[in-house]
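Here's the structure, in structure tokens; my notes come after.
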Amino acid sequence: MNYTASPQRYQEMEYRRCGKSGLKLPALSLGLWHNFGGIDNFENARAILKLAFDSGVTHIDLANNYGPPAGSAEETFGQVLKKDLKPYRDELVITTKAGFYMWEGPYGEWGSKKYLVSSLDQSLKRMGLDYVDIFYHHRPDPETPLEETMAALDLIVRQGKALYAGISNYSAADTEKAAKILKELGTPCIIHQAKYSMFDRWVEGGLLDVLEANGAGCVAFSPLAQGLLSNKYIKGIPADSRAASGRGNGAIEESRITEANVNKVIKLNELAVKRGQNLAQMALSWVLKDPRITSVILGVSKPQQLTDSLECLKNTSFSDSELQEINSILA
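Each residue of the sequence shown is one higher than the last, beginning at 284 in my numbering.
What follows is the structure in structure tokens.
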């Protein structure tokens, strides 16, 4: 049976401008870091992607190394695009990245022009696309000159293989340098993708200020600290949880489920209940409270988790006393 998108898909979602660019992203985006690889159930992945689009989640975030195995998340998305979402390509913002290890030899990772151009060509082939909407350099390269890496992003945009350029996991200082180079080249950096959650607040130490000054947006990943900021681990580590899976590829490890962290989670959950939310919803709302955050990337393994996460949009404001209580719990 052919898929037809919900006619109500844009009614509930909030869209935020990406810095000073013309692009808007949904407040909540779908990330394919985990649960969409070759080792995962295709029909489950397909159901999540269709539900996301039906809910106004127009931004689908990938990277060349997502899986496992590396590359397979892009292949999964490519299959769903071909089967279901192709008629809606112009309503979608599809992003991918390159920077981590992908193939043997000196050109299979980091930030050389050789690697970035080759990697994107491979990504486009896996997804069956002519272009992506945003192409990111995934991590800083300590050896390749920043000028070369940014020139590669500029080249890729000028070639029409990406509409916009972005960076990820850069420090505030390196972001400032990268943004300056790209501006001089004529291809502005419109976005930075950074890890940000109640348990990881490094972006507040200058990065958000740099992005605002340069007219760039910020997309937050791991807003639930890989599931730690949910009810999942309050009573131990479930056998079907990400922490127990040992899947690697950056997934949360059992060592993160410490007594100290669980105690904080219990107190945060109590506050969430008072707000009429569950902990995951409050954690998402907390990241979205800052107007400099363009979008928050969701990582889900089941359609119901996506539905539950979308409820956070009903309450994204916090009182001063609530923010003080959160800071006290996290101290």
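Note that the Cβ used here is the ideal one computed from N, Cα and C, for glycine as well.
Environment of residue i [buried if 16+ CB atoms lie within 10 Å]
{"i": "Trp569", "result": "buried"}
{"i": "Ile473", "result": "buried"}
{"i": "Asn285", "result": "exposed"}
{"i": "Asp483", "result": "exposed"}
{"i": "Gln607", "result": "exposed"}
{"i": "Val579", "result": "buried"}
{"i": "Ile540", "result": "buried"}
{"i": "Phe325", "result": "exposed"}
{"i": "Trp485", "result": "exposed"}
{"i": "Glu387", "result": "exposed"}
{"i": "Gln587", "result": "exposed"}
{"i": "Glu392", "result": "buried"}
{"i": "Asn546", "result": "exposed"}
{"i": "Ile331", "result": "buried"}
{"i": "Ala445", "result": "buried"}
Cβ separation of residue i and residue j, assumed to be a contact under 8 Å, to the nearest whole Å
{"i": "Leu364", "j": "Val340", "result": "With a Cβ gap of about 15 Å, Leu364 and Val340 do not count as contacting."}
{"i": "Tyr479", "j": "Ala461", "result": "About 19 Å; that fails the 8 Å criterion."}
{"i": "Ala499", "j": "His475", "result": "6 Å"}
{"i": "Pro352", "j": "Gly321", "result": "5 Å"}
{"i": "Leu490", "j": "Ala508", "result": "That pair is no contact at about 18 Å."}
{"i": "Gly559", "j": "Asn598", "result": "7 Å"}
{"i": "Ile609", "j": "Met481", "result": "7 Å"}
{"i": "Leu562", "j": "Leu551", "result": "6 Å"}
{"i": "Asp251", "j": "Gly394", "result": "Because residue 251 is not part of the residues shown, which for the chain are 284 to 614, the question remains open."}
Sequence-distant residues of its chain with Cβ nearer than 6 Å to residue i (five each side left out)
{"i": "Leu593", "result": "Ser338"}
{"i": "Arg329", "result": "Val363"}
{"i": "Arg422", "result": "Gly382 and Asn452"}
{"i": "Thr470", "result": "Asp437, Val440 and Ala448"}
{"i": "Arg372", "result": "none"}
{"i": "Leu468", "result": "Asp437"}
{"i": "Ser600", "result": "none"}
{"i": "Pro574", "result": "none"}
{"i": "Lys397", "result": "Tyr390"}
Three-way DSSP call (helix, strand, coil) for residue i in this model
{"i": "Ile612", "result": "helix"}
{"i": "Leu465", "result": "helix"}
{"i": "Arg299", "result": "strand"}
{"i": "Ser568", "result": "helix"}
{"i": "Val548", "result": "helix"}
{"i": "Ala335", "result": "helix"}
{"i": "Lys515", "result": "coil"}
{"i": "Val363", "result": "helix"}
{"i": "Ser401", "result": "helix"}
{"i": "Tyr479", "result": "coil"}
{"i": "Ile540", "result": "coil"}
{"i": "Ile439", "result": "helix"}
{"i": "Leu306", "result": "coil"}
{"i": "Ser406", "result": "helix"}
{"i": "Ser289", "result": "coil"}
{"i": "Ser592", "result": "helix"}
{"i": "Ala353", "result": "coil"}
{"i": "Ala527", "result": "Because Ala527 sits at a pLDDT of 49, beneath the cut-off of 50, its placement in the model cannot be relied upon, and the point is left open."}
{"i": "Tyr371", "result": "helix"}
According to DSSP, residues forming a beta bridge with residue i
{"i": "Gly500", "result": "Ile474"}
{"i": "Gly314", "result": "Asp344"}
{"i": "Ala445", "result": "Val415"}
{"i": "Lys380", "result": "Tyr419"}
{"i": "Ser578", "result": "Val502"}
{"i": "Ile450", "result": "His420 and His475"}
Spatial neighbours of residue i in its chain, beta-carbon cut-off 7 Å, leaving aside the 5 residues before and after
{"i": "Ile576", "result": "Cys501, Ala503 and Val570"}
{"i": "Ala356", "result": "Leu315, Phe319, Gly320, Leu345, Tyr349 and Gly350"}
{"i": "Arg299", "result": "Lys307, Leu308, Ala310, Thr577 and Ser578"}
{"i": "Ala335", "result": "Leu313 and Leu589"}
{"i": "Ala288", "result": "Phe336, Asp337 and Tyr371"}
{"i": "Ile549", "result": "Ile517"}
{"i": "Met385", "result": "Asn347, Asn348, Ala353, Gly391, Glu392 and Ser402"}
Chain-order list of residues whose beta-carbon lies under 8 Å from that of residue i (same chain, five-residue window excluded)
{"i": "Tyr293", "result": "Gly339"}
{"i": "Leu465", "result": "Met433, Leu436, Asp437, Ala448, Pro471 and Cys472"}
{"i": "Glu430", "result": "Ile464"}
Contact with chain D by residue i, beta-carbon distance below 8 Å
{"i": "Ser611", "result": "Among the chains of the structure shown, chain D does not appear; only one protein chain is present."}
Residue i CB to nearest heavy atom of the ligand ADP below 7 Å
{"i": "Gln405", "result": "The model on display carries no ligand, and the ligand ADP is accordingly not part of it."}
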